[in-house]
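Heads up, the sequence shown is in this note's numbering, so the first residue is 31 and it goes up one at a time. Cβ coordinates follow ideal geometry from the N, Cα and C atoms, glycine included.
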Amino acid sequence: MNCRNVKKKLSAYQDGELSPDEQARIKSHLQGCPECSLRHAAFQQTWEMLGDVPEIHPASTFYPELRKKITGLNDRRFFPGPRQVFQFFPARLATITLVLAGLVVGGYTGNFFFQESLISLKGHQPKVSQLDVSLAGIKSFDPIPPGTLAHGYVRMASYKGVAR
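Structure follows, in structure tokens:
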């Protein structure tokens, strides 16, 4: 038997969990290998020290109180979590519903901002039709929406300047 296998099985050897054949092979290895013998001696010393530690017995009410606390964790919620709300919907239906709701809310808020002149189109106030306002509201979902800091940065970065 090699040292690697003995080191793996030393704890089981110490506890007497191995077959008599394996016990005998490990015992003969320990007699001939000082490194494994030292490791076994350290295991034995640790086992003896643990034997001196008194066993702690919990109060008789400990386990019933623990069980009550664990089951009571679910009772603390006043509002159902998202998992409980969406557990009855298939994942695809819930995703489609949320995306559509986001598009509708985004379209209305975009239309509101453009109609109220909070965001101007191309820096001036042309006569804007309802179709233009709807299209401008949809542009708020562009990767770089017009009128944002990112849009200004992209315009600045792509400026070629006047050739001299």
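At a cut of 8 Å, does the segment 63 to 78 reach the segment 32 to 41 through at least three beta carbon pairs? Touching, per the Cβ criterion.
Which of helix, strand or coil does DSSP assign to Glu95? Position 65 of the sequence shown, counting from 1, holds the residue named residue 95. Correct three-state label for Glu95: helix.
Counted within 10 angstroms of its Cβ, other Cβ atoms place Leu148 as buried (16 or more) or exposed: The residue you call residue 148 lines up with position 118 of the sequence shown. Low confidence applies to Leu148: its pLDDT is 49, below 50, so where it sits in the model is not reliable, and the reading given next is rough at best. Classification of Leu148: exposed, given that the 10 Å Cβ count is below 16.
Does DSSP put Met31 in a helix, in a strand, or in coil? Reading the sequence shown from its first residue, position 1 is the one you call residue 31. It is coil, neither helix nor strand.
Reducing DSSP to helix, strand and coil, say where Asp82 ends up. Counted from its first residue, the sequence shown places residue 82 at position 52. It is coil, neither helix nor strand.
Taking all protein chains shown into account, decide if Leu103 is buried (16 or more other Cβ within 10 angstroms of its Cβ) or exposed. Taking the sequence shown and counting its residues from 1, the one referred to as residue 103 is at position 73. Its Cβ having fewer than 16 others within 10 Å, Leu103 is exposed.
Rounded to whole angstroms, what is the Cα-Cα separation between Gly137 and Tyr189? Looking up residue 137 in the sequence shown gives position 107. Looking up residue 189 in the sequence shown gives position 159. Roughly 30 Å separates the two Cα atoms.
Put Thr125 into one of helix, strand or coil per three-state DSSP. Mapped onto the sequence shown, residue 125 falls at position 95. The answer is helix: DSSP assigns Thr125 an H, G or I state.
Grab me the residues of Gln44's own chain with a C-beta within less than 8 Å of its C-beta, minus the 5 sequence neighbours each way, in chain order. Against the sequence shown, residue 44 aligns to sequence position 14. Correct list, in chain order: His70, Phe73, Gln74, Trp77.
State yes or no: is the C-beta of Met31 within less than 8 Å of the C-beta of Ile56? Along the sequence shown, one-based indexing puts residue 31 at 1. Along the sequence shown, one-based indexing puts residue 56 at 26. A contact, by the Cβ cut-off of 8 Å.
Which of helix, strand or coil does DSSP assign to Ala42? Position 12 of the sequence shown, counted from the first residue, corresponds to residue 42. Helix, per DSSP.
Between the C-alpha atoms of Thr6 and Glu85, what's the straight-line distance to the nearest angstrom? Residue 6 falls outside the range modelled here, since the chain spans only 31 to 194, and no answer is possible.
In angstroms, rounded to a whole number, what distance separates the CA positions of Pro175 and His181? One-based indexing of the sequence shown puts residue 175 at position 145. One-based indexing of the sequence shown puts residue 181 at position 151. If I take the Cα positions, the gap works out to 6 Å.
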